[in-house]
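Novice:
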Amino acid sequence: MKNTLPLLGNLSVHEFLRDYWQKKPLLVRAALPQFNGLLTPQQTIKLACTEDVQARLVTQPQGGFALQQSPFSAKDFKGLSKLPWTVLVQGLNHHLPEATELLKKFAFIPHARLDDLMVSYAPKGGGVGPHFDSYDVFLLQGMGHRRWQISTQADHEMIEGAPLRILKNFKVEQEWILAPGDMLYLPPHCAHNGIAEDECMTYSIGFRTPAYQELAEQFLVYLQDRICVAGMYADPDLKTQQHPSEISPAMLRQVEQAIKQVRWDKEDIANFLGCYLSEPKPHIYFAAPESPQSLKKFKKTIINKGLYLDLKTQMLCHGNDIFMNGEAIPNVGDNYSLLRELADRRELSALTFSKEARFHKLPGELPEELPEELPEELSGNLIELLYQWYLDGFLNPL
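The opening residue of the sequence shown carries number 57 in our numbering; numbering runs sequentially from there.
Here it is in structure tokens:
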């Protein structure tokens, strides 16, 4: 019997990935039947006015579009009732624990592909115009109703001079009105237009698709701190030239041979991807604990209660390496499986250690109080690594 998910319209994950992912849209009625959103409109506006939050305000004066970027204050939202408008808040999962819990429902897509969870609020008529995205997105309806119009058109010409990327010749092929708990999946470059039927909120779970050009450029940046090319240019046999402004074939040959010394392999690319895809966005910063626990107290706390990743933390794994917020921790040895579990689940409710499993959740099997001292082989580097991440603000004890 296949394992189906109501979230995917009673498709199995295999069927969804095979038939829809990056291929065609999928409308799911009652994907999350009890879902009515994570925030109220007032909470969304308050969050948009928070200093370290990225947000946009889109208004529609006289049938056009105007865009304002954060930071905002409450006065920016006064007097807007006369116009259709929308506020969009990026990175909701970096600020709201419930958003991180919602993202766990989409864990069938690798964490390396996750961009963020965005929330948009609009009164009746609000929207951002017809457009397309270069990433996969699940549009989950919270409160209210939104009309979605989509098109598979190849014409991606934009309105020149508009503050947003708005399609010039949008041709509607299908449309639906989504109610709370309904969801629409759209693959990259599927043109769409969302219009609020009433006061409504939509939660957009986006999965990035980096351009190869971007990846290649960033890989070269990554390499520049890791390559070592011996020697320096020398020309003891320099010959005179008829044209001194000309770069000689001899110089070209010598430099070509030097640059050919630069080599990379699959592990270099894996290490780059781990660092690059876990790198926090430029506006994200981590706050160290104001009154940090001692190492001894930290150890006791995580053994007895567990720990969890900070909302802004991105943790990825490959081979025997761990990548934490853009930093590589190579060759973690026997600790790899437990660190991978932390990366997968983003929390561990209690820690226990054995020769078979370094630490794992054992509901109902843990004693009320676990011993403070860890087995010798686990009491050094692992705890020190977790403690350093705690001091950096990357994780917290429960």
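C-beta: ideal position from N, C-alpha, C; glycine also.
Can you give the Cα-Cα distance for isoleucine 359 and serine 137, rounded to whole angstroms?
Specialist: 53 Å
Novice: Alpha carbon to alpha carbon, how far is glutamine 444 from leucine 351?
Specialist: Approximately 9 Å, taken between the alpha carbons.
Novice: Identify every run of the beta strand (DSSP E) within the stretch 320-403, keeping only runs that are complete inside it and at least 3 residues long; order them along the chain.
Specialist: Here the runs fully enclosed are 363-365, 371-374, 377-380, 383-385.
Novice: With DSSP as the reference, identify every bridge partner of asparagine 92, one or two as the case may be.
Specialist: Answer is none; asparagine 92 lacks a bridge partner.
Novice: Does the Cβ of alanine 87 have 16 or more other Cβ atoms within 10 Å, making it buried, or fewer, making it exposed?
Specialist: buried
Novice: Using the three-state DSSP reduction, which class does tyrosine 268 fall into: helix, strand or coil?
Specialist: helix
Novice: Buried or exposed: threonine 369, going by 16 or more other Cβ atoms within 10 Å of its Cβ?
Specialist: buried
Novice: Should arginine 282 go down as buried or exposed, given a rule of 16 or more other Cβ atoms within 10 Å for buried?
Specialist: exposed
Novice: For phenylalanine 284, count the other beta carbons within 10 Å of its own beta carbon; 16 or more makes it buried, fewer makes it exposed. Which is it?
Specialist: In the sequence under discussion, the amino acid at residue 284 is cysteine, which differs from the phenylalanine named in the question. Answer is exposed; the Cβ neighbour count stays below 16.
Novice: Along the alpha helix (DSSP H) that carries valine 69, what are the first and last residues, could you check?
Specialist: 69-75
Novice: Would glycine 250 and glycine 93 qualify as a contact pair, given that the criterion is a beta-carbon distance under 8 Å?
Specialist: Their beta carbons are not under 8 Å apart, which means glycine 250 does not touch glycine 93 by this criterion.
Novice: Give me the Cα-Cα distance between glutamate 403 and proline 348, rounded to the nearest whole angstrom.
Specialist: Roughly 19 Å between the two C-alpha positions.
Novice: Have a look at Leu220, Asp108, Glu213 and flag the residue whose alpha-carbon is nearest the alpha-carbon of threonine 142.
Specialist: Comparing Cα-Cα distances from threonine 142 to each of Leu220, Asp108, Glu213, the minimum goes to Leu220.
Novice: How would you call phenylalanine 450, buried or exposed, if buried means at least 16 neighbouring beta carbons within 10 angstroms?
Specialist: Counting Cβ neighbours within 10 Å, phenylalanine 450 comes out buried, since at least 16 surround it.
Novice: Would you tell me roughly how many angstroms separate the C-alpha atoms of threonine 96 and glutamate 255, rounded to the nearest one?
Specialist: 11 Å
Novice: By the 10 Å Cβ neighbour count, where 16 or more other Cβ atoms means buried, how is asparagine 66 classified, buried or exposed?
Specialist: Classification for asparagine 66: exposed.
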